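Protein chains in written order, with our numbering: chain A, 929 to 1042; chain B, 821 to 940.
Here's the structure we're looking at; comments come further down.
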Amino acid sequence: GDSVTQMEGPVTLSEEAFLTINCTYTATGYPSLFWYVQYPGEGLQLLLKATKADDKGSNKGFEATYRKETTSFHLEKGSVQVSDSAVYFCALSARGSTLGRLYFGRGTQLTVWP
Amino acid sequence: GAVVSQHPSWVICKSGTSVKIECRSLDFQATTMFWYRQFPKQSLMLMATSNEGSKATYEQGVEKDKFLINHASLTLSTLTVTSAHPEDSSFYICSANTFSPRDNFPDEQYFGPGTRLTVT
């Protein structure tokens, strides 16, 4: 079945450090891939997405590239800020699904120190 | 972007009572909404898929008599936790899809801000 495996945290970085959070997936067909961010006490916000192979999603300095050959969608940011501290979730949605159900990874807690 | 609201944002209730949580799509119609439960420092667990005008589809292991879902209109789904117990304390999150006008398949999923339930 469809699933997402996400790098376990927590991840602790100093401000301006480089961030990578690994995400790999298993799916039948070609899913759409997403990164969501959750700030403390809040719901999830879509950070970026990619809907086909080699697409690069980007937002707020974060990037992720849909790699079909490695079934990966790793999240990267060149220079993190304290305000990026949050939990990050990788997710997939089966292409052509009429319901749009999302399959989530376990989440990675990121803490950025000044 | 589309907005999904939840009410209340937090609630404290006594063991044995029932609690209703509302999920509304404010600026779009949602034929399908999803209810998730999130434990501290853990991922979201899909509880059920709420379908407008029909019965909800529950995930394996979720008690349908315990967690009643009603999707009465295209903009409102409710989750009622019946006879709540302390182990039901959790963060409940709902979500809804917008649909692409191109192919009518789900486009993006928008999440509500969540409801913190504490059962004493």
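The beta-carbon is built from N, C-alpha and C at its ideal position, and this holds for glycine as well.
Owing to the predicted nature of the structure, the values given are computational and were not obtained by experimental measurement.
Using DSSP with H/G/I as helix, E/B as strand and the rest coil, what is residue i?
i       : result
V1010/A : helix
D941/B  : Nothing about residue 941/B can be reported from this structure: the residues present for chain B run from 821 to 940 only.
F931/B  : strand
A868/B  : strand
Q966/A  : strand
T837/B  : coil
R857/B  : strand
Q880/B  : coil
T940/A  : strand
Q862/B  : coil
Y958/A  : coil
A1022/A : coil
S874/B  : coil
T902/B  : coil
K886/B  : coil
R936/B  : strand
Q849/B  : coil
K996/A  : coil
K977/A  : strand
How would you list, in chain order, the residues of chain A whose beta-carbon sits under 7 Å from the beta-carbon of residue i?
i      : result
S897/B : Those do not exist, as S897/B stays about 14 Å from chain A at its closest Cβ, beyond 7 Å.
I832/B : By Cβ distance, chain A contributes nothing, its closest Cβ being about 15 Å from I832/B, past 7 Å.
Which partner residues of residue i appear in the DSSP bridge assignment?
i       : result
R844/B  : S825/B, L896/B
N987/A  : F990/A
E1004/A : T948/A, E991/A
T1099/A : The requested residue 1099/A is not part of the displayed model; chain A covers only 929 to 1042.
Q1037/A : V1015/A
Below 9 Å on C-beta distance, what does residue i contact in chain A?
i      : result
T902/B : In chain order: nothing, as chain A lies at least about 24 Å away.
S874/B : What S874/B touches in chain A: nothing, since even the nearest Cβ is about 13 Å away.
T940/B : Those within 9 Å of T940/B in chain A number zero; the least Cβ separation is about 20 Å.
T837/B : What T837/B touches in chain A: nothing, since even the nearest Cβ is about 24 Å away.
Under 9 Å Cβ-Cβ, which residues of chain B neighbour residue i?
i       : result
L1020/A : By Cβ distance, chain B contributes nothing, its closest Cβ being about 11 Å from L1020/A, past 9 Å.
L974/A  : G821, E928, Q929, Y930, F931
G957/A  : Residues of chain B passing the Cβ test: none, with the nearest at roughly 13 Å.
Along chain B, in chain order, which residues have C-beta atoms closer than 8 Å to that of residue i?
i       : result
E970/A  : P933, G934
F1017/A : S863, L864
F1032/A : S863, L864
R1029/A : F854, L866, T869
G929/A  : By Cβ distance, chain B contributes nothing, its closest Cβ being about 12 Å from G929/A, past 8 Å.
G985/A  : Those within 8 Å of G985/A in chain B number zero; the least Cβ separation is about 12 Å.
For residue i, which of the options has the nearest alpha-carbon?
i       : options                           : result
P968/A  : I949/A, G989/A, A1014/A, Q934/A   : A1014/A
V901/B  : T935/B, K840/B, P933/B, Y930/B    : K840/B
T935/B  : K875/B, V823/B, A822/B, S829/B    : S829/B
Y912/B  : D847/B, F854/B, K834/B            : F854/B
S903/B  : Q826/B, V823/B, Y856/B, T940/B    : T940/B
E872/B  : H905/B, G932/B, S897/B, T918/B    : S897/B
A850/B  : V823/B, M865/B, K834/B, F859/B    : V823/B
N891/B  : S838/B, C914/B, P860/B            : Looking at the sequence shown, residue 891/B is not Asn but His. The shortest Cα separation from H891/B among S838/B, C914/B, P860/B belongs to C914/B.
S931/A  : Q973/A, G937/A, T956/A            : T956/A
E997/A  : P938/A, V1010/A, K980/A, G1033/A  : K980/A
S893/B  : I832/B, Q858/B, K875/B            : K875/B
T993/A  : L961/A, Q1037/A, F1017/A, G971/A  : L961/A
Y970/A  : Y1016/A, V939/A, V1008/A, S1000/A : The question names Tyr, yet the displayed sequence has Glu at residue 970/A. The option with the nearest alpha carbon to E970/A is Y1016/A.
S1011/A : Y953/A, L1020/A, G989/A, H1002/A  : G989/A
T1039/A : T954/A, Q966/A, N987/A, T952/A    : Q966/A
K834/B  : A916/B, H905/B, D927/B, Q929/B    : H905/B
Any heavy atom of the ligand ZN closer than 6 Å to the beta-carbon of residue i?
i       : result
Q1009/A : Of ligands this structure carries none, so the ligand ZN is not represented either.
Along chain A, which residues have their Cβ under 8 Å away from the Cβ of residue i?
i      : result
I913/B : G971, L972
Using a Cβ-Cβ distance cut-off of 7 Å, determine whether residue i contacts chain E.
i      : result
N890/B : Considering every chain present, this structure includes no chain E. Its protein chains are A and B.
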